[in-house]
Amino acid sequence: MPAQAPSIPREQGAATGYALFPTAIGHCGMAWQGEMLVGMQLPEDAGEAQTRARMVRRFPQLAECPMPPQVAAWAARVAAQLQGAHDNLCDVPLALDTVPPFNARVYALARRIPPGKTMTYGEMAAELGVPGAARAVGQALGHNPFAPVVPCHRVLAAGDRPGGFSAGGGALTKLRMLQMEGACPGGTPSLFGW
125 MPAQAPSIPR EQGAATGYAL FPTAIGHCGM AWQGEMLVGM QLPEDAGEAQ
175 TRARMVRRFP QLAECPMPPQ VAAWAARVAA QLQGAHDNLC DVPLALDTVP
225 PFNARVYALA RRIPPGKTMT YGEMAAELGV PGAARAVGQA LGHNPFAPVV
275 PCHRVLAAGD RPGGFSAGGG ALTKLRMLQM EGACPGGTPS LFGW
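Here it is, written out as structure tokens:
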């Protein structure tokens, strides 16, 4: 009989899995594999059950389980960020090998936007060396599997309009998150001095 792989007791958290956790804007979901964050889910409009259902659809290979200590620390930091703490979360390791290379570049740039500041899709495209690709930047951010660790809410449409936001509540949630961080769309100087 072949030896079975050792299992991690549930009370210690699993090496892979997902869990929901409460935040100021509702229950978020977090999925991990080992030392990597593989996905986040901002709250759904219909509440915790809908957020859980979205996690099950997105990560069918993962089971809901308690968070290991490192993942719980990430979740606590996300919850604090969603209450206005200025934590850029840049040290949280992301499974960027699961996204297209262009999207990974967009996410890396978005992570450089400090809390309380904003950029536009066009400014991001120019910074990435692809002026005129604002729509592609917006599409990459619309598929962001790591929000708010990758802070797509800090990226606005031309004229500092909110643009799209795929989380529950849409653009209103985006504006609420910016307000909690102290950002002032329309009155915030551009991050890179343009």
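Per the numbering used here, residue 125 is the first one in the sequence shown, and the count goes up by one each step.
The C-beta atom is built at its ideal place from N, Cα and C for all residues, glycine as well.
Contacts around residue i, its chain only, beta-carbon distance under 6 Å, and the 5 residues preceding and following it disregarded
i: A257; result: A249
i: H151; result: L144, P167, E172, T175
i: A219; result: M160, V162
i: M304; result: G208
Close Cβ partners of residue i (< 7 Å) along its chain, the five nearest in sequence each way excluded
i: R201; result: D211, L213
i: H267; result: N227
i: G293; result: D169
i: A209; result: none
i: A199; result: F145, M154, M191
i: C276; result: A234, L265, N268
i: R229; result: L252
8 Å Cβ shell around residue i - same chain, five flanking residues per side excluded
i: A282; result: T244, Y245, G246, A258
i: E159; result: Q194, P217
i: M164; result: C152, G153, M154, A155, V202, P269, F270, A271, P272, V273
Run of the alpha helix (DSSP H) containing residue i, from where it starts to where it stops
i: F226; result: 225-235
i: Q205; result: 193-205
i: T175; result: 172-182
Burial state of residue i, where buried means 16 or more other Cβ atoms lie within 10 Å
i: L296; result: exposed
i: P224; result: exposed
i: R285; result: exposed
i: P146; result: exposed
i: A177; result: exposed
i: Q205; result: buried
i: G306; result: exposed
i: A322; result: Residue numbering for the chain in the displayed model covers 125 to 318; residue 322 lies beyond these limits and cannot be assessed.
i: P255; result: exposed
i: G253; result: exposed
Residue i: first and last residue of the uninterrupted beta strand (DSSP E) it sits in
i: T297; result: First-last for T297: 294-305, but that is the alpha helix (DSSP H), not the beta strand (DSSP E).
i: V162; result: 160-165
i: A258; result: Here A258 belongs to no beta strand (DSSP E); instead the alpha helix (DSSP H) covers 258-266.
i: A155; result: 150-157
i: G253; result: Neither: G253 is in no beta strand (DSSP E) and is coded neither H nor E.
i: F289; result: Neither: F289 is in no beta strand (DSSP E) and is coded neither H nor E.
i: R140; result: According to the sequence provided, residue 140 is Thr. The question's Arg does not apply to it. 140-147 is the extent of the beta strand (DSSP E) around T140.
beta-carbon residue i near the ligand SAM non-hydrogen atom, thresh 7 Å
i: A258; result: With respect to small molecules bound, the structure shown includes none, and the ligand SAM cannot be examined in it.
task: Check whether the region 232-241 touches the region 174-188, taking contact to mean three or more Cβ pairs, one atom from each stretch, closer than 8 Å.
output: The region 232-241 is not in contact with the region 174-188.
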